[in-house]
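Below: one structure, written as structure tokens.
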Amino acid sequence: MTLNTTLSTTPGADAHAVSLAVARTLKQTRKAQKITLDELSRRSGVSKGMVVEIEKCTANPSIGILCKIAAALGLSVADIVNVAEPPSAHIIDSQDIPTLWTGELGGTARLLAGTTGPNMIELWRWEMFPGESFSSAGHPQGTLELFHVEKGTLKCVVGETELVIPAGSSAVAKTDVAHAYSNAGKSKLVFTMSVAEIHQ
């Protein structure tokens, strides 16, 4: 089951501020690379209508759509939501950390930090309540995700493989196939996740 994965930010900058950053970055990058809307749609597999709506700041794209568009432009999701910055070392203030998924029961996925693309690493913090889940299509070939469960039990299905990861344990998964995360327990689930997408 894939829940509504619309952008939101809490605390700090609201969803509209994140949507504005996404719209601005998408439009500027597309024009700088001289890519038409039709070409970006073809490369990313995202409909032209959705791309237009994102650029006009009238759409609330899912994490999956952001991943596809970012990959098509040689960017990371952090580039698009403006979490990554040029300096070699910098702090991302708490209020500037976006929440990019909100579950129907109040769970969240926050993109804590990320490097610029196309080779990129992201650090996420997920909180899920019992019954919540998130599904994703496969990422580009060779993408790896590393998990560490702080509280609760994480069920992670990657292709045909199912992992049940208890609190205190970690896991590694190659996520270039369809995959999903869900709270497999009866209490709140908290886990951190790193995503590494390296193009060779």
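FYI, the numbering for the sequence shown is 1 to 200, going by the UniProt record's numbering.
Note that beta-carbon positions come from the ideal geometry of N, C-alpha and C, so glycine has one too.
In DSSP terms, what residue i is bridged to
i: Lys-155; result: Val-164 and Ser-182
i: Val-195; result: Glu-122 and Glu-145
i: Arg-110; result: Thr-99 and Arg-125
i: Val-172; result: Leu-146
Given residue i as reference, the closest of the options once Cα atoms are compared
i: Cys-57; options: Thr-29, Glu-162, Trp-101 and Ala-17; result: Ala-17
i: Leu-105; options: Glu-122, Leu-163, Ile-97 and Phe-129; result: Phe-129
i: Glu-160; options: Val-177, Pro-118, Ser-19 and Gly-152; result: Val-177
i: His-179; options: Ala-89, Ala-137 and Ala-196; result: Ala-137
i: Leu-123; options: Glu-162, Val-157 and Ile-92; result: Ile-92
i: Thr-175; options: Pro-140, Val-22 and Ile-35; result: Pro-140
i: Ser-170; options: Gly-152, Ser-187 and Lys-186; result: Gly-152
i: Gly-142; options: Ile-63, Asn-119 and Pro-166; result: Asn-119
i: Arg-24; options: Leu-37, Glu-55 and Ala-32; result: Glu-55
i: Ala-89; options: Gly-74, Leu-75, Ser-76 and Thr-115; result: Thr-115
i: residue 204; options: Val-149, Ala-32 and Lys-31; result: Given a span of 1 to 200 for the chain in the structure shown, any question on residue 204 remains unanswerable.
Cutoff 7 Å; reference residue i; Cβ partners in own chain excluding five residues on either side
i: Ile-65; result: Val-46 and Met-50
i: Thr-108; result: Thr-99, Trp-101, Thr-102 and Glu-127
i: Leu-20; result: Cys-57
DSSP-derived helix/strand/coil call for residue i
i: Glu-55; result: helix
i: Ile-80; result: helix
i: Val-22; result: helix
i: Ser-135; result: strand
i: Leu-189; result: strand
i: Glu-39; result: helix
i: Leu-105; result: coil
i: Gly-64; result: helix
Cβ neighbour criterion (16 or more within 10 Å) applied to residue i
i: Asn-183; result: buried
i: Gly-117; result: buried
i: residue 205; result: For residue 205 there is no data in the structure shown, the boundaries of the chain being 1 and 200.
i: Ala-78; result: buried
i: Glu-132; result: buried
Cβ shell of residue i (< 6 Å), same chain only, five flanking positions each side left out
i: Arg-125; result: Arg-110, Leu-112 and Thr-192
i: Thr-2; result: Low confidence applies to Thr-2: its pLDDT is 30, below 50, so where it sits in the model is not reliable, and the reading given next is rough at best. Excluding positions up to five away in sequence, the list reads Ser-135.
i: Ala-196; result: Ile-121 and Leu-144
i: Ser-44; result: Lys-68, Ile-69 and Ala-72
i: Thr-36; result: none
i: Asn-4; result: Any reading at Asn-4 must be qualified, since the residue scores a pLDDT of 34, below 50, and its modelled position is unreliable; the value itself is stated next. So no residue of the chain qualifies.
Close Cβ partners of residue i (< 8 Å) along its chain, the five nearest in sequence each way excluded
i: Val-172; result: Leu-144, Glu-145, Leu-146 and Phe-147
i: Lys-186; result: Pro-130
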